[in-house]
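Residue numbers (the numbering used here), protein chains in the order written: chain A, 1 to 215; chain B, 1001 to 1215.
Shown next as structure tokens:
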């Protein structure tokens, strides 16, 4: 797959089929992840590939609870606003997120990503994104989620036998499966609204066609 | 460029020529960055493209000080060990990092990346990595650095006129320029040493050729 096709069309694919993902694709995701740069090249990461149905069944209620917490706290206002204003894109995202929370156990694979000594996340999320881009090229949809690490870290560590005295942090749980939807270009605020030249607020001073890549 | 070539060969390219980067490439980097996923699709990011020589001259000493702080603290032990054991890869990285600190002002472009409401970094580093991959495909070398945000945030905010009361955080300063070195596959600990099946320590149970992609 061409680089820009992957970079422009790897949107969050939460709704997936239960069909398993072949080992070759899992291996490609992992081997791609570890090629990403990390600060001082320390590669302080671990990847746990969760496919066991019993384990997924046990983690599912934790995810559902974490999602409910997110809904009642951080996202409460945004969802209320989306309902009021009828913001269709936001409502779609909300429904899609709810689908994932309700169907956690049917998602065939979850990639749990751990790191340590990386408070900023700069050394782990490039690797996570690389794994997701590799998955995309194999037709596997992914979605990066962080709520298990934020709200249910202790419970997940216990279920996955993660040592608690070595400084490991759960950075992401990435859902992986063959998508029910189709790949396409996600809508974004254009570059000129979020980019400046040299100093904050100083426009780039040129028009950039949106999007620059159209396949 | 093929996706896996970019994902496997985009290593940190700190030593770069002073030649400017054409606007079209900068635009491609920015437009690719904003296609990355962010939590709740909030796109809470800003990109400041610093090319002005006067500004680079002003930020350079801040970067040098931050680098010195890093050397005296976090990296002190690892560098000492690298010297003792003659770990050539670590010593190369150290020399390369020192080059960047000494030549900050000659690097033709620095991409300063800001975000807010993203404590984990999960919503900003995929965008940063996307910009770096886009740069790679255009022959531009990059290196993600975080020390200005960690040690010199207030000073950088002042120089770049960043508002201090809106919750913005400096996540990364990415050096950008045409590389003096060549692209190649970076060495990594193999997948089987950092990946598990279902639970921590449980091997994947299969051999994965390293690397899976060889161009």
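Positions of the beta carbon are idealized from the N, C-alpha and C atoms, including for glycine.
Query, Result
"Residues near residue 1213(B) in its chain [Cβ-Cβ closer than 6 Å; skip 5 each side]", "1004 and 1008"
"Where the stretch 56-83 of chain A meets chain B: residues whose CB sits under 8 Å from a CB there", "75 and 78"
"Reference residue 1002(B), options 40(A), 134(A), 121(A) and 150(A), closest by Cα", "134(A)"
"Beta-carbon gap between residue 954(B) and residue 1064(B) smaller than 9 Å", "Outside the shown range of chain B, which is 1001 to 1215, sits residue 954(B), and nothing can be said about it."
"Best match in 16(A), 21(A), 20(A) and 28(A) for proximity to residue 1191(B) [C-alpha to C-alpha]", "28(A)"
"Meets three-Cβ-pair contact criterion under 8 Å: the stretch 1195-1205 of chain B and the stretch 1019-1027 of chain B", "no"
"Residue 46(A) in three-state terms, based on DSSP", "strand"
"Buried/exposed call for residue 13(A), threshold 16 Cβ in 10 Å", "buried"
"Closest residue to residue 1170(B) among 1184(B), 1186(B), 1150(B) and 1179(B) (Cα-Cα distance)", "1150(B)"
"Assumed close pair residue 180(A), residue 16(A) - CB separation to whole angstroms, cut-off 8 Å", "6 Å"
"Selected residue, minimal CA-CA separation from residue 1110(B), among 1146(B), 1096(B) and 1081(B)", "1146(B)"
"Interface flag, residue 19(A) vs chain B, CB-CB below 9 Å", "no"
"First through last residue of the alpha helix (DSSP H) which encompasses residue 1132(B)", "1125-1137"
"Residue 21(A) - DSSP class collapsed to helix/strand/coil", "coil"
"Minimum Cβ-Cβ distance from residue 1196(B) to chain A less than 9 Å", "yes"
"Contact between the stretch 1041-1061 of chain B and the stretch 1089-1100 of chain B (3+ Cβ pairs under 8 Å)", "no"
"Residues within the stretch 1117-1130 of chain B neighbouring chain A, beta-carbon criterion of under 7 Å", "1120, 1121, 1122, 1125, 1126, 1129 and 1130"
"Distance CB(residue 1126(B))-CB(residue 1061(B)) smaller than 9 Å", "no"
"Interface residues of chain B facing residue 98(A) [CB-CB closer than 9 Å]", "Within chain B, no residue comes near residue 98(A); the closest Cβ sits about 13 Å away, beyond 9 Å."
"Three-state secondary structure assigned by DSSP to residue 1164(B)", "coil"
"CB contact below 9 Å: residue 2(A) versus chain B", "yes"
"DSSP beta-bridge partners of residue 1145(B)", "1173(B)"
"Partners in chain B for residue 200(A), counting only beta-carbon separations shorter than 8 Å", "1046, 1048, 1160, 1161, 1162 and 1163"
"Length of the line joining the Cα atoms of residue 1207(B) and residue 1195(B)", "12 Å"
"Beta-carbon separation (whole angstroms), residue 1136(B) vs residue 1006(B), contact threshold 8 Å", "5 Å"
"Length at least 4, wholly inside the stretch 1035-1081 of chain B: the alpha helix (DSSP H) runs in chain order", "1053-1072"
"Chain-order list of residues whose beta-carbon lies under 6 Å from that of residue 51(A) (same chain, five-residue window excluded)", "109"
"For residue 197(A), three-class secondary structure by DSSP", "strand"
"CB contact below 9 Å: residue 37(A) versus chain B", "yes"
"Delimiting residues of the alpha helix (DSSP H) encompassing residue 1096(B)", "1088-1102"
"CB contact below 9 Å: residue 1141(B) versus chain A", "no"
"For residue 131(A), the nearest candidate out of 118(A), 156(A), 112(A) and 117(A) (CA to CA)", "112(A)"
"9 Å Cβ cutoff met for residue 1129(B) and residue 129(A)", "yes"
"Cut-off 8 Å between Cβ atoms - residues of its own chain near residue 1042(B), not counting five sequence neighbours on either side", "1117 and 1123"
"Cβ-Cβ distance between residue 1030(B) and residue 1067(B) below 9 Å", "no"
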